[in-house]
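Using the numbering used here, read the sequence shown as starting at 169 and increasing by one per residue.
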Amino acid sequence: MFISKKKLMTFSSIVSSIIVIALFGTPCYQYTGSITRGDYYLGFDFGFGGNVIIEAFNATLFGIIGVILLFNVIALFIEKLEEKKLVAINSTLWVLAIGFSICCLCCKFVNVSYNFTNSVIYILLVTIIALVLNFVILLKNDEK
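Below, the structure written as structure tokens:
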């Protein structure tokens, strides 16, 4: 059974982005301000009234991951899309996602009352793995 590089790249990006979206569904931030009791918030609770900068980082990262997921689902059905163009677009989007996941990870330095949990670290690791997988699959030798 032979799976093309293009399908392998799209499936790896789809699975990686689904994992990141699932990690957004776990408690990612703890708001320890004096108003609240230290409740945990999910990664995509964008309107809980906290720091606008942190909510913007979260919303942008979630949007980028959504674009990656949508692009790769559409790329499965586009026959004329070449592997190198797919890698260029995917790697650009994953680098953007890495940048915003680093911003989400370092948000405790933006506002001291926010503490991240391990979910944000896992989001960063999955984005790095997804970027590396794109290049590994491209450089893989075809053995027929």
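C-beta: ideal position from N, C-alpha, C; glycine also.
- The three-state secondary structure of L238, taken from DSSP, is helix.
- Going by C-alpha positions, C275 is about 20 angstroms away from A190.
- Of the other Cβ atoms in all chains shown, fewer than 16 fall within 10 Å of the Cβ of L307; this residue is therefore exposed.
- Of the residues A243, F268 and V300, the one whose Cα lies closest to the Cα of I289 is F268.
- Residues V255 and S259 of the same chain have their beta carbon placed closer than 8 angstroms to that of F303, with the five preceding and five following residues left out of the count.
- Closest in C-alpha terms to F192, from the list T295, I266, I305 and I291, comes I291.
- DSSP, reduced to helix, strand and coil, places L293 within a helical segment of the structure shown.
- Contact between V300 and S184 does not hold, since the beta-carbon distance rounds to 10 angstroms and is not under 8 angstroms.
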